[in-house]
Structures are given as C-alpha cells and as structure tokens.
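Participant: Input: one structure, supplied below.
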Amino acid sequence: MIARIRKSQLVRHGAIVFGGVALASVLNYLFYMLIGRGGGVEIYGVVTSLLSAVLVLSAPAIVVQLIVARLASDLEARGDFPALRRLADLATLWTGAAAIVLVVVALLARDALAAFFNLTSSEPIVICAASFAFLAVVFAQRGVFQGAHRFGDLSASVTIDAATKVCVGVPLIPAFGASGPLYGLLASQIAAFGYSIVAFRARFGEVRAPLALDRKLIFRVFSHVGLGQLTFTVLMFYDVPLIKHAFDPTSAGLYAAAALVGRAVLAAISFIPTLVMPKATARAAAGRSPLPLLGAAVAIAGLIVTVAVLASLFAPGLIVTLIAGRAFAAAAPLVLPYVVASGALALANVLASYKMGLHRYEFVIPALIVALLEVVTFALWHPTLLIAITILLAGHVAILCTMLPRLNEGLAPSTDD
Numbered sequence: 365m366i367a368r369i370r371k372s373q374l375v376r377h378g379a380i381v382f383g384g385v386a387l388a389s390v391l392n393y394l395f396y397m398l399i400g401r402g403g404g405v406e407i408y409g410v411v412t413s414l415l416s417a418v419l420v421l422s423a424p425a426i427v428v429q430l431i432v433a434r435l436a437s438d439l440e441a442r443g444d445f446p447a448l449r450r451l452a453d454l455a456t457l458w459t460g461a462a463a464i465v466l467v468v469v470a471l472l473a474r475d476a477l478a479a480f481f482n483l484t485s486s487e488p489i490v491i492c493a494a495s496f497a498f499l500a501v502v503f504a505q506r507g508v509f510q511g512a513h514r515f516g517d518l519s520a521s522v523t524i525d526a527a528t529k530v531c532v533g534v535p536l537i538p539a540f541g542a543s544g545p546l547y548g549l550l551a552s553q554i555a556a557f558g559y560s561i562v563a564f565r566a567r568f569g570e571v572r573a574p575l576a577l578d579r580k581l582i583f584r585v586f587s588h589v590g591l592g593q594l595t596f597t598v599l600m601f602y603d604v605p606l607i608k609h610a611f612d613p614t615s616a617g618l619y620a621a622a623a624l625v626g627r628a629v630l631a632a633i634s635f636i637p638t639l640v641m642p643k644a645t646a647r648a649a650a651g652r653s654p655l656p657l658l659g660a661a662v663a664i665a666g667l668i669v670t671v672a673v674l675a676s677l678f679a680p681g682l683i684v685t686l687i688a689g690r691a692f693a694a695a696a697p698l699v700l701p702y703v704v705a706s707g708a709l710a711l712a713n714v715l716a717s718y719k720m721g722l723h724r725y726e727f728v729i730p731a732l733i734v735a736l737l738e739v740v741t742f743a744l745w746h747p748t749l750l751i752a753i754t755i756l757l758a759g760h761v762a763i764l765c766t767m768l769p770r771l772n773e774g775l776a777p778s779t780d781d
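Take any residue in the sequence shown, note its place counting from 1, add 364, and you have its number in my numbering.
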C-alpha cells in the first residue's frame with residue numbers, strides 16, 4: 365500500500381511539473397516564433413543572443429535555487445512553515461541584493477557590452493540588466509516551491525513567466541524593435557516575482573521563525589550539486605552570445621534558429637531532472653532501489669531524443685521554418701547536428717540529476733574539465749557555423765560519457781516495483 369501511495373505521488377507530482385513545463389515551453393516557443401516572424405532574422409538574433417547571455421549570467425542563481433530547495437525540503441519534512449516563510453524571505457532579499465550589484469556593473473559597462481554584441485544602442489543592455497535582477501530572485505523563490513513540494517506553485521510561476529513574455533513582448537516589436545521582446549522579459553520576471561510573494565504568504569502564513577542555516581550543508585551543495593548544475597547551465601546557453609559576437613547579424617540569426625530547435629529537446633526533457641533528483645534521494649532513504657526510477661527516466665528521455673533526431677534528419681527545413689519562420693530556411697543544415705548535441709546534453713543532465721540525488725559527485729570535476737575544453741575551443745575556433753556546432757556536438761557527447769561510470773554501483777534491483 366505504501367509503495368502504491370508513493371508511486372501515485374510520483375505520478376501526480378510528475379504530471380503537475382510536466383504540465384507546467386510543457387505549457388511554459390509552448391508559450392516560450394510561441395514567443396520566439398512570433399519574434400522570428402514579426403522581427404526578422406536580425407532582430408531575432410539580437411533577442412536570442414541577449415536572452416542566452418542573461419541565462420548564462422543567471423547560472424549562479426540556479427545554484428542558489430538548488431541550495432534553497434535542499435534547505436526547504438528539510439523544513440517541509442519537519443512541517444516547519446514559519447521557518448519556510450523565513451527561508452523564502454531570506455532567499456528573496458539576499459539574492460536580490462547580490463543581483464543589484466551585478467546590475468550596477470552592467471549599467472556602468474553598457475556601452476562596452478553593446479559593442480560586444482554589435483548593437484547600435486545600449487537600450488537592450490539596460491533592459492536586460494533590469495530583467496536580470498528579478499530573474500535571479502525568481503530562481504531562488506522557485507527553489508522554495510521545489511523543496512517544499514509546492515509543484516503547483518512552481519508550475520504556475522513558469523507559466524506566468526512565459527505567458528507574460530508573449531502578451532507583453534511580442535506586441536511591442538513594431539514600436540521598439542529588438543527592445544520590445546526584452547521589455548516582455550522584464551514584465552514577465554516582475555509578474556513571476558509578484559506571484560511568489562503572494563504564494564509565500566498563502567502557503568506558509570505570516571509568522572516567521574528563526575532559521576538555523578547549516579553552513580556545511582550549503583557548502584557541500586554548492587561545491588557538488590551547484591558546480592554540476594552551473595556546468596550544465598553554461599553549456600545550454602553560452603554558444604549563441606559568442607556566435608552573435610563573432611558572426612554577421614544574418615548568420616547569428618540563422619544559428620539562433622537552429623539552437624532554438626535543439627533547445628526544444630532540452631525543454632521537453634527538463635521536467636525529468638526536476639523530479640529525478642528528489643525522488644532518487646527519497647527512494648534511497650527509504651531503502652528502495654532507485655534503479656527503476658533511473659530506467660524510467662532514461663527510457664522517457666531517450667524516446668524524446670530519438671523522435672527529435674528522426675524528425676531533424678528527415679525534415680530539418682520544415683521544423684526550423686515552422687518554429688522560426690520562412691526567413692530562416694537557410695538554417696536547415698544546422699538543425700540535425702544541433703539537435704543531436706542537445707539530445708546528448710539532455711541525457712547527461714538526467715544522469716547527473718540521478719547521481720546527485722544519490723549524493724554521488726564523482727562526475728563533477730571530469731564534466732567541468734570537458735566543459736571548459738569545449739567552451740575554450742568553441743570561443744577560439746569557429747570558422748563556420750557548422751564547425752562551431754560540430755565542436756558543440758563533440759563536447760556534449762563527451763559530457764554524456766562522463767556520466768556513464770558507476771551508474772548502478774552498489775545498488776540492488778528493487779523487489780517492490
């Protein structure tokens with residue numbers, strides 16, 4: 365009976381997270397599709413490169429999200445809602461303070477940053493800087509929802525984020541050009557931030573309790589889980605800003621369209637790591653083998669990757685024009701290798717989340733070394749777009765290989781699944 369209840373919780377939580385992520389992904393892709401059709405190749409290249417740069421810079425905030433989720437999970441297990449409310453306050457305030465410092469630096473360097481991205485105006489840089497402040501805080505707030513098993517609120521946050529970008533950003537393209545979608549990004553983060561503030565009060569009450577932070581736990585999570593997640597976040601987004609800096613606006617726009625197709629694979633699988641890490645931890649703590657969980661996660665992720673690769677093999681032009689518009693048809697030769705690279709990275713992320721859930725971090729340093737080699741090679745040598753993606757593909761496959769050793773070491777098959 366207990367096993368059935370646990371399974372039902374897994375299914376229910378999985379359905380909630382998948383539903384929220386799926387809806388947000390659809391809205392995000394609608395956002396990019398409408399930018400491609402309404403703004404053209406050059407505006408599309410500007411927007412996607414700046415959004416990717418913001419996400420790369422927000423990688424530490426994602427690490428903070430993991431730390432907050434770990435702390436919140438312990439408080440949730442004890443039913444200590446006043447302490448959870450206090451944690452939510454601290455996550456909001458501390459992350460916001462750190463983000464503001466970076467925003468000031470970005471504003472001071474706005475002209476140099478505009479030159480790096482080959483922009484004629486620093487306005488998009490200013491908008492992105494303001495958006496980053498809220499984005500960093502929103503990531504930390506989502507860590508509270510994730511750790512406290514408030515998956516409905518987590519799904520609502522990502523959905524509000526995506527819906528606001530579409531409703532605000534797209535209509536502003538005719539008047540503001542590339543700045544229009546970026547204003548949508550700013551509005552979306554303010555909306556998600558506001559939702560979290562209201563939800564914290566509704567879920568955890570107004571009473572705050574003193575919060576004793578385990579510094580050793582925070583350091584352990586940051587040095588292991590955080591470093592691993594930091595590696596994956598950078599690998600997901602670093603390439604588009606570098607291409608925008610190195611190539612002409614049209615080439616950068618075509619590359620960004622191919623990257624968007626590849627990231628559809630990452631988006632489709634993103635709900636799996638979110639569930640795998642805490643569920644693997646729970647199974648191991650209960651004395652149950654997590655191997656069936658690993659098998660199910662890899663099977664689902666593998667199926668998604670296989671479908672994406674086959675579609676990209678037989679109809680790359682149809683896919684890229686469907687997503688970005690007819691103006692991006694020339695990106696078709698880039699789609700298949702980018703999708704294969706993204707598939708390898710998505711599978712690696714699933715395996716890494718599983719290992720981190722079992723407190724196994726032997727992959728972190730090898731993966732970090734491979735990632736550094738990939739990024740440095742990509743930054744220094746990219747004579748053509750196809751060669752750049754080939755470097756990306758080789759690096760992502762190597763990252764996947766670092767996850768394979770010791771997957772089932774010391775784990776006995778489960779007898780209750």
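Where is the CB? At the ideal position from N, CA and C, for every residue including glycine.
(1) Does DSSP put VAL534 in a helix, in a strand, or in coil?
(2) What is the rounded straight-line gap between the Cα of ALA479 and the Cα of LEU577?
(3) Is there a Cβ of chain D sitting closer than 8 Å to that of ALA710, yes or no?
(4) With a threshold of 7 Å on Cβ separation, who are the neighbours of ALA710 within its own chain once the five nearest residues in sequence on each side are excluded?
(5) Tell me the DSSP secondary structure of LEU575 in three-state form.
(6) By DSSP, does ASP780 sit in helix, in strand, or in coil?
(7) Excluding sequence positions up to five away, which residues of its chain have a Cβ less than 6 Å from the Cβ of ALA470?
(8) Can you tell me where the alpha helix (DSSP H) holding PHE596 begins and where it ends?
(9) Please list, in chain order, all residues of the same chain as ILE366 whose beta carbon is under 6 Å from its beta carbon, the five residues on each side excluded.
(10) Taking 8 Å as the threshold (C-beta atoms), are LEU715 and MET641 in contact?
(11) With distances taken between CB atoms, is the gap from PHE568 to LEU448 smaller than 8 Å?
(12) Roughly how far, in whole angstroms, is the beta-carbon of ALA520 from the beta-carbon of GLY384, given that I think they are within contact range, below 8 Å?
(13) Locate the alpha helix (DSSP H) running through HIS782, then write down its first and last residues.
(14) Going by beta-carbon coordinates alone, are SER413 and PRO545 separated by less than 8 Å?
(15) Quick check: what's the CA-CA separation for ALA573 versus ALA441?
(16) Assign PRO680 to buried or exposed, taking buried as 16 or more other Cβ atoms, counted over all protein chains shown, within 10 Å of its Cβ.
(17) Looking at the secondary structure, which residues open and close the alpha helix (DSSP H) in which GLU440 lies?
(18) Which value, in whole angstroms, describes the spacing of the CA atoms of ALA620 and ALA423?
(19) What span of residues does the alpha helix (DSSP H) with LEU448 cover, start to end?
(20) Compare the Cα-Cα distances from SER706 to each of LEU682, ALA743, ALA688, ILE753 and report the closest residue.
(21) By Cβ distance below 6 Å, which residues in the same chain neighbour ALA425 in space, the five residues on each side in sequence not counted?
(22) Which residues mark the beginning and the end of the alpha helix (DSSP H) in which SER717 is found?
(23) Using DSSP with H/G/I as helix, E/B as strand and the rest coil, what is ARG647?
(24) Cβ atoms of ALA527 and LEU391: under 8 Å apart, would you say?
(25) Enumerate, from N- to C-terminal direction, the unbroken beta strand (DSSP E) stretches of 3 or more residues contained entirely within the stretch 649–688.
(26) Can you grab the Cα-Cα spacing for the pair VAL410 / VAL490, in whole Å?
(27) Could you check whether TYR408 and GLY617 sit closer than 8 Å to each other, using their CB atoms as the reference points?
(28) Please state whether DSSP places PHE557 in a helix, a strand or coil.
(29) I need the straight-line Cα distance from LEU550 to GLY507, nearest angstrom please.
(30) Can you tell me which of the three DSSP states SER782 falls into?
(31) Is ASN713 near PRO637, with beta carbons less than 8 Å apart?
(32) Ignore the nearest five residues each way along the sequence and tell me which others in LEU722's own chain have a CB closer than 6 Å to its CB.
(33) Just the Cα atoms here: how many angstroms apart are ALA461 and LEU451?
(34) With H, G and I counted as helix, E and B as strand and the rest as coil, what does DSSP make of PHE509?
(35) So what does DSSP say about ASN772, is it helix, strand or coil?
Facilitator: Considering the structure as presented:
(1) helix
(2) 43 Å
(3) The structure shown contains no chain D; it holds only a single protein chain.
(4) VAL629, LEU630, ILE633, ALA665, VAL669
(5) coil
(6) Caution applies to ASP780, whose pLDDT of 39 falls short of 50 and renders its modelled position unreliable; the model cannot decide the point.
(7) ALA493
(8) 591–601
(9) Legend: pLDDT at ILE366 = 47, less than 50; position of this residue unreliable, value from coordinates given subsequently. Same-chain partners within the cutoff: there are none.
(10) no
(11) yes
(12) 7 Å
(13) Residue 782 falls outside the range modelled here, since the chain spans only 365 to 781, and no answer is possible.
(14) no
(15) 16 Å
(16) buried
(17) 423–442
(18) 20 Å
(19) 445–472
(20) ILE753
(21) ALA500, PHE503
(22) 696–721
(23) helix
(24) yes
(25) none
(26) 14 Å
(27) yes
(28) helix
(29) 20 Å
(30) Here the chain covers residues 365 to 781 and nothing more, so residue 782 does not appear.
(31) yes
(32) ALA644, ALA648
(33) 15 Å
(34) helix
(35) coil
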